[in-house]
Structures are given as C-alpha cells and as structure tokens.
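Undergrad: Handing you a structure now.
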Amino acid sequence: GAVVSQHPSRVICKSGTSVKIECRSLDFQATTMFWYRQFPKQSLMLMATSNEGSKATYEQGVEKDKFLINHASLTLSTLTVTSAHPEDSSFYICSAAEGNSPLHFGNGTRLTVT
Amino acid sequence: QKEVEQNSGPLSVPEGAIASLNCTYSDRGSQSFFWYRQYSGKSPELIMSIYSNGDKEDGRFTAQLNKASQYVSLLIRDSQPSDSATYLCAVNTWQNAGGTSYGKLTFGQGTILTVHP
Numbered sequence: 008g009a010v011v012s013q014h015p016s017r018v019i020c021k022s023g024t025s026v027k028i029e030c031r032s033l034d035f036q037a038t039t040m041f042w043y044r045q046f047p048k049q050s051l052m053l054m055a056t057s058n059e060g061s062k063a064t065y066e067q068g069v070e071k072d073k074f075l076i077n078h079a080s081l082t083l084s085t086l087t088v089t090s091a092h093p094e095d096s097s098f099y100i101c102s103a104a105e106g107n108s109p110l111h112f113g114n115g116t117r118l119t120v121t
Numbered sequence: 005q006k007e008v009e010q011n012s013g014p015l016s017v018p019e020g021a022i023a024s025l026n027c028t029y030s031d032r033g034s035q036s037f038f039w040y041r042q043y044s045g046k047s048p049e050l051i052m053s054i055y056s057n058g059d060k061e062d063g064r065f066t067a068q069l070n071k072a073s074q075y076v077s078l079l080i081r082d083s084q085p086s087d088s089a090t091y092l093c094a095v096n097t098w099q100n101a102g103g104t105s106y107g108k109l110t111f112g113q114g115t116i117l118t119v120h121p
C-alpha cells in the first residue's frame, strides 16, 4: 500500500530559528500533497495544498511567508516554518494520495519551539 | 455551520458492545467519505472509505452513507479496548486550482471513543 514518510518525527528549536519538515511518498508519485496542523485535543486543520511544480494553495489565515512549502518533485514536499515562535509548537502532518485513492498520512512531526 | 460535524462525545461503551459514530457534512458536492482512527500522539490511519449510498462492511466496521441526508456513520461491532481512540470523519471534495484538480479533505472535530473492559 501507499507509504508516506515524514521526517523528522520530533524537533525542538529555539525561537526565531527555522525548521524544515520533509514529506516523501515512497512507492507512488504524488501530484498533490497536503500539510495539516493539529493542536492538542483538536482536529486536523488543513494548512496548505502543495501541487508539484506550482505554488502552494494556502488556507485562509495561514501565512504563506511563514510556512514555506516547496513541492519540487512528485515524491517530495517540504514545509519550512520560518522564524518559529512558541505558538507554532504543534503536530504537523503531511499526507498524499495516489490518484483517487484515499489519503495516507505521514507519521507527523512534533515541533516544540522554546 | 461547520463543514463536517461529528457527534460531540466523548463516547464510552463496554467491551463487546456496538459503538456508533455519526457525522454530517454541508457540501452536497462531496463525493468521498472516510473514517480515520487516531491514537494519541500519532497520525491518523484510514479504517473505512465509502463512496456510494448504503452500507459498507469490513470486519467489525460498517460505514453507512446517506447523501440525501448528508450523513455518514461508522458502527464498530464487538468493541475492544484497543478500539479506544479518536475517530475522525473526513469528507473529500474536488477542487480546481491553476488547472490542477485535486481532492480536498475536510475533517470533523473527532469523537473520542473509550471502550472499557
């Protein structure tokens, strides 16, 4: 079945630094990947939709200059949290689908900004 | 009105009972419907998908879809303590952006299920 790999699984960084999270589709090509954020005891909130070779589509309220998304190939999308602050601490999850099949999720990245 | 709404929970059932989880959605154009299970600190895992009206059974799980009522449900028979998790209803709607079509998944707020021995 479709496998989505996300790295790193956990990162702790200092306020003001940038963090890059990678999302890879291991056994299929993903034209579209999605980035979600989940705060404790809340549901997944879609941040942006990443299309290979074009600009990402951001959801309302998500700052595109703060959350940089690059989808340079059909198997890799990256999310960079720039100038991270403690309020950016959250669980970030990427997902991808092969064609019309259901979404598969990466294992998530727990970001803690100190 | 939220786009995807689940019964608030938390839901607690005894081991061996049937757990019933409900979800309504607002976009009549939605085509695909999914149930995900999420354990604490983990990412969601797909347990059921349903695309047409009626019931779909997979082991102890049955998904039910009624597009006229914009309603989708999940029944878990013979509930086990290992079923204790948050269950997320997700609804897929096709989007078009810059000439590219893709499915956008919207999640409900989740229902916490506890199965007690």
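Line by line, the protein sequences give chains A and B.
With the first letter of the first sequence counted as 1, position 60 gets the number 67 in our numbering; the numbers rise by one all the way through.
With the first letter of the second sequence counted as 1, position 97 gets the number 101 in our numbering; the numbers rise by one all the way through.
Backbone N, C-alpha and C define an ideal beta-carbon position, used for all residues, glycine too.
1) Sort S12(A), T82(A), F41(A), L51(A) by Cα distance to A63(A) and report the nearest one.
2) For E9(B), does the three-state DSSP call read helix, strand or coil?
3) Any contact between the stretch 48-55 of chain A and the stretch 12-27 of chain A? By contact I mean 3 or more CB pairs, one from each, below 8 Å.
4) For V10(A), which residues in the same chain have their Cβ closer than 6 Å to its Cβ, ignoring the five residues on either side in sequence?
5) Please list the terminal residues of the continuous beta strand (DSSP E) segment that includes Q13(A).
6) With a threshold of 7 Å on Cβ separation, who are the neighbours of L50(B) within its own chain once the five nearest residues in sequence on each side are excluded?
7) Taking the beta strand (DSSP E) that V17(B) falls in, what are its first and last residues?
8) According to DSSP, is D59(B) helix, strand or coil?
9) For my contact list, L25(B) and Y91(B) are in at a C-beta cut-off of 8 Å; report their separation, rounded to the angstrom.
10) Using 8 Å as the cut-off, can you tell me whether the stretch 14-28 of chain B makes contact with the stretch 54-72 of chain A, which would need three or more C-beta pairs spanning the two stretches below that distance?
11) Of all the residues that make up the stretch 80-101 of chain A, which are near chain B by a beta-carbon distance shorter than 7 Å?
12) Roughly how far, in whole angstroms, is the beta-carbon of S1(A) from the beta-carbon of S84(A), given that I think they are within contact range, below 8 Å?
TA: In terms of the structure at hand:
1) F41(A)
2) strand
3) no
4) L33, D34
5) 11-14
6) F38, Y40
7) 15-18
8) strand
9) 5 Å
10) no
11) I100
12) A query on residue 1(A) cannot be resolved here, the shown segment of chain A reaching from 8 to 121 and no further.
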